Every structure is written in structure tokens, then in C-alpha cells.
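Student: Under the working numbering, the first residue of the sequence shown is numbered 15, with each subsequent residue one higher.
Where a beta carbon is used, it is the ideal one built from N, C-alpha and C, also for glycine.
Fair warning: this is a prediction, and the values are worked out from it, not measured in the lab.
Below you will find the structure I want to go over with you.
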Amino acid sequence: MKAEKEYIVIKGCGAISPLGSNPGDIAQAYTSGIPAFKTTFHQEQPTPVAVLPEKAEHQLQDLLKQNPNYKHLDKSVLMAVFAARQAAEQAGWLQEGFTDHDLGVNIGSSRGATGLFEQHLDTFQQRQLTASASPTTTLGNLSSWVAHAVNAGGAQISHSITCSTALMAVANAAAWLKAGMAKRFLAGGTEAPLTDFTIAQMKAIGIYSKLHNHTYPCQPYAMVKQNTFVLGEGAAVLALELEPASIITPGTIVIEAIGLGFESIKSKTGISADGLNFQQSMQHALHQLPDNERTVDLIITHTPGTAAGDTAELNAISSVFKEGLPAITTNKFLLGHTLGASGALSLQYALYILQSQTFPTLHYTNNLPFSASHKKYKRIMVNAAGFGGNAASIILKQL
15 MKAEKEYIVI
25 KGCGAISPLG
35 SNPGDIAQAY
45 TSGIPAFKTT
55 FHQEQPTPVA
65 VLPEKAEHQL
75 QDLLKQNPNY
85 KHLDKSVLMA
95 VFAARQAAEQ
105 AGWLQEGFTD
115 HDLGVNIGSS
125 RGATGLFEQH
135 LDTFQQRQLT
145 ASASPTTTLG
155 NLSSWVAHAV
165 NAGGAQISHS
175 ITCSTALMAV
185 ANAAAWLKAG
195 MAKRFLAGGT
205 EAPLTDFTIA
215 QMKAIGIYSK
225 LHNHTYPCQP
235 YAMVKQNTFV
245 LGEGAAVLAL
255 ELEPASIITP
265 GTIVIEAIGL
275 GFESIKSKTG
285 ISADGLNFQQ
295 SMQHALHQLP
305 DNERTVDLII
315 THTPGTAAGD
325 TAELNAISSV
335 FKEGLPAITT
345 NKFLLGHTLG
355 ASGALSLQYA
365 LYILQSQTFP
375 TLHYTNNLPF
385 SASHKKYKRI
395 MVNAAGFGGN
405 AASIILKQL
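Below, the structure written as C-alpha cells:
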């Protein structure tokens, strides 16, 4: 007897980003297409960044009041807790006073407690280091504090694989669910990189945008040989569960395929001109689809606004989809690159597109490489890649 098909179902999604901190505000931000950048002064130079809106900052302050221990945590952890509780609440998993040993947590971050680490380093140089320095800056405290916040008693995993981190967390969660090692999983990414040292690192690579006085300082696909990378902050977490096809209702959004890719490191960022890592991850995901359906309607690209990175991914898409190129879009022109959280925020963007069947126009360019038109977006691929030559591709489908 043939086993019934099962799907990884998205039961909820929580997010906090420069676009907002609840589904309604974020949807309105995408509908309006208004970017969320501001200019700050970094090392006496005007520098564009994407920060949380005032309402979201107030909500984080309210969160601090719920637990006296939260005041010792990095902003990346607080945003992860906020997004995870939102996702768990949507899924109906929040139960006070009850520890759910079947609920696992995997939250990733490219750089972890960056702001707090820099603060502790400063106090160390002044010979005033506190006892909280080590436990609050280890990467593991991401998932452990999220687990406490949602009463999860299952696996508690924190990890970093640079900017692919969030998609890798979802891949890991899917593996645990399919292996029967958990019944429910919260997976995603968080990043609070708007610190002097982190911004300086991006500038040192030579990729940071100089378009501080432009409405769109981050310009993926602009087809102009300049770098327009801009840092943003945020977090997004998905509530995932494995369900048999027979109980899934029409309109449900599922994770249909997960692809991974790697290539040899030949530069400081691990980017090759042909985007071999992207080619591998996209092909890996597509080969998990039915033989006669190995295509997608839309790709939410990684494209951080760097000349080399954007070109490599577009070259990879052209190579993989030789016929019937899908449409492409990105959310980084609105909220910048949130590093380890970017993949999860792109998944949240995919949910918005599947539900609304629209996405904002890139007003700064008329040179969009692929602009295929579809009557309905049912299958969306989300790409992410990071330093070290890694890449991941996840395909969402609305049943």
C-alpha cells in the first residue's frame, strides 16, 4: 500500500522588520512599496540603514517588561522572541504553564549578539567586564530564550551559516519533522547588525551603498556597475508541522522542496561569476518536484545589491531556467539586507505574495531582467546565499 503524501505546512509566521511588526502593517508596507531607509552618520559619513519603526521599538520595550532577565539580552534575541511568539500564537501553540516536549526550535543568526558583544568588549578594555558577558553573547542563547518564551521542550538549536542561515534553519526543521523527531518546529533567523563595527566591516569589503540621499539606496537588479548594499535589522520565524495531504484544506501554503548548494571558495565572499552554488541549490529543489512541474512562477532572489552577487545569481537563474524564465522580485530594495534573517523575511514576503497575488514595483529601474507575467502565483522559490560558497533554495506552494 502506497504511503500517503505528507507536506510541511506553514501554520504561522511571525516577523519584525523595518516594514513593521504585525501582518497588517507589513502587508501595507509591501502594498505601498515605500522603502524603510534612514540616514545615520557612521564614522562621520552619511550612511543608509534600515531600522525598526518606532512602533516596533516600543513593542520590544514592552517585551522587556515581561521578564526581568530580558534586559541582559541582545536585540537579536529579543526580536527572535517577539517573532517566535507571534508565529506560535498564529499556530495555536502558545500554552502557558505547559511545556511542549514535541515542539523544537531552530533560530539562526549570521553574527549573533553583535551589539552586546561590542558593548562587553568595550567594558573589557576598561577592565569592567561583567559576569553576563559570556552567557549572553553565545550563539546558543538565541534558541534557548525563544524556547523559554514559547514553552518549547524539544530540540533547541542555534546556528550560523552566514546569510543562508534562516533557510538552513527551515531545512533542519523539515528534516526533524520528517524523521519523526519532533511534531512541531519554530524555525527562522534574526539579526541586529546596525553597529559601528558591523557596518565598518561591510564598508571594508567595498560593497556598502553610497546612495544615502536616494529614495532607494539599495538597488538590486539596477544593472549599473556599482554596489548598493545596505544593512537592515529584523527577525522572522515560521511555525512548521508535518501533515498528511488528506487533512490539508485548499489554499494552505506548504514547503514543497528544499535545495542546498555549495561551491569552492575562490574569493573572500565565495561568489563565482556563474553562481554555481545557486545553480546547485535551485536544481536540487526543482528535482524534488513532480517531473512535469519542475518550474516556479516567481523567484524571490537573494540579490543584496552588489554588482558581483546580483549578477552571479541572475546568471544562475538563466542557466537553470533555460526556457520559461520565471518572474523575479526581492524585498531588499525596501528593507535592506538583514543577513541571517534575510531568508526568513523573504519567506514571509513569499507568503504575502501568495495571499495577495501582487508585489511592489521596483521604481528605480526599467531593466528588470526577467519580467514574465503570470495570471496566478502558486509556486514561489526563495533563494539565499552566504559567505563561504553556500546557497539554499526553498519552494513554497499554495495548494
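Would you call Val268 buried or exposed, if buried means 16 or more other Cβ atoms sit within 10 Å of its Cβ?
Tutor: Val268 comes out buried.
Student: Tell me whether the stretch 207-227 and the stretch 242-252 touch, counting them as touching only if at least three CB pairs, one residue from each stretch, are closer than 8 Å.
Tutor: The stretch 207-227 is in contact with the stretch 242-252.
Student: Run the CB neighbour count on Gln80, radius 10 Å, all protein chains shown included, and call it buried at 16 or more, exposed below.
Tutor: It is exposed - the Cβ of Gln80 has fewer than 16 other Cβ atoms within 10 Å.
Student: In whole angstroms, what separates the C-alpha of Tyr235 from that of Leu143?
Tutor: If you take the alpha carbons of Tyr235 and Leu143, they lie about 45 Å apart.
Student: Taking the Cβ atom as the reference point for each residue, do Leu349 and Ala101 lie within a distance shorter than 8 Å?
Tutor: No.
Student: Shorter than 7 Å, the distance from the beta carbon of Asp76 to the closest heavy atom of the ligand NAD, or not?
Tutor: This structure lacks the ligand NAD; in fact it carries no ligand of any kind.
Student: Return the first residue and the last residue of the beta strand (DSSP E) that Glu270 is part of.
Tutor: Counting along the chain, the beta strand (DSSP E) containing Glu270 begins and ends at Ile267 to Phe276.
Student: Measure the Cβ-Cβ separation of Thr179 and Ser260 and say whether it is below 8 Å.
Tutor: No, the pair does not count as a contact, with Cβ atoms beyond the cut-off.
Student: Check whether the Cβ atoms of Lys411 and Glu270 sit closer than 8 Å, and answer yes or no.
Tutor: Yes; because the gap between Cβ atoms is below 8 Å, this pair is in contact.
Student: Sorted by chain position, which residues of the same chain lie with C-beta nearer than 6 Å to Pro258's C-beta, five sequence neighbours on each side aside?
Tutor: Hits under 6 Å: Glu18 and Glu20.
Student: If Ile30 and Leu181 are in contact, beta carbons under 8 Å, what's the gap, nearest whole angstrom?
Tutor: Contact flag wrong, Cβ pair sits at about 19 Å.
Student: From Lys89, Ser286, Thr209 and Val119, pick the residue whose C-alpha is nearest to that of Ala187; which is it?
Tutor: The candidate whose alpha carbon is nearest that of Ala187 is Val119.
Student: Which whole-angstrom value describes the C-beta separation of Ile213 and His56, a residue pair presumed to lie in contact below a C-beta threshold of 8 Å?
Tutor: Sure, about 5 Å apart at Cβ, within 8 Å.
Student: Here's a check: name, in chain order, each residue in its chain whose Cβ is nearer than 8 Å to the Cβ of His115, leaving out the five neighbours to either side.
Tutor: Same-chain partners within the cutoff: Gly167 and Gly168.
Student: From Ser360 to Ser157, what distance separates their C-alpha atoms?
Tutor: The alpha-carbon atoms of Ser360 and Ser157 are separated by roughly 20 Å.
Student: Assign Thr54 to one of three DSSP states: helix, strand, or coil.
Tutor: Looking at Thr54 - three-state DSSP - the assignment turns out to be strand.
Student: How close, in whole Å, do the beta carbons of Ala105 and Lys25 come, if the pair is a contact with beta carbons under 8 Å?
Tutor: That belief holds up - the Cβ atoms of Ala105 and Lys25 are roughly 4 Å apart, short of 8 Å.
Student: Tell me whether Ser174 sits in a helix, a strand or coil according to DSSP, three-state version.
Tutor: Here Ser174 sits in coil by DSSP.
Student: Count the other CB atoms within 10 Å of the CB of Arg198; is the residue buried (16 or more) or exposed (fewer)?
Tutor: So Arg198 ends up on the buried side.
Student: According to DSSP, is Thr179 helix, strand or coil?
Tutor: If DSSP states are grouped into helix, strand and coil, Thr179 belongs with the helices.
Student: Specify, as a first and last residue, the run of the beta strand (DSSP E) that Thr242 falls within.
Tutor: From DSSP, Thr242 is part of no beta strand (DSSP E); its letter is neither H nor E.
Student: From the DSSP output, in three-state form, read off Pro82 for me.
Tutor: Helix at Pro82.
Student: Under 8 Å: do the stretch 307-315 and the stretch 198-210 share three or more Cβ pairs, one atom per stretch?
Tutor: No contact exists between the stretch 307-315 and the stretch 198-210.
Student: Taking the alpha-carbon of Glu277 as reference, which of Gln294, Pro264 and Ile262 has the nearest alpha-carbon?
Tutor: Measuring from the Cα of Glu277, the nearest candidate turns out to be Gln294.
Student: Work out the CA separation of Arg99 and His134 for me, nearest whole Å.
Tutor: Each residue's Cα considered, the two are about 28 Å apart.
Student: Here's a check: name, in chain order, each residue in its chain whose Cβ is nearer than 6 Å to the Cβ of Ala249, leaving out the five neighbours to either side.
Tutor: Cβ neighbours of Ala249 beyond the five flanking positions: Ile30, Met93, Ala94, Ala97, Thr204 and Ala355.
Student: Between which two residues does the beta strand (DSSP E) holding Ile313 run?
Tutor: Its beta strand (DSSP E) spans residues Leu312 to Ile314.
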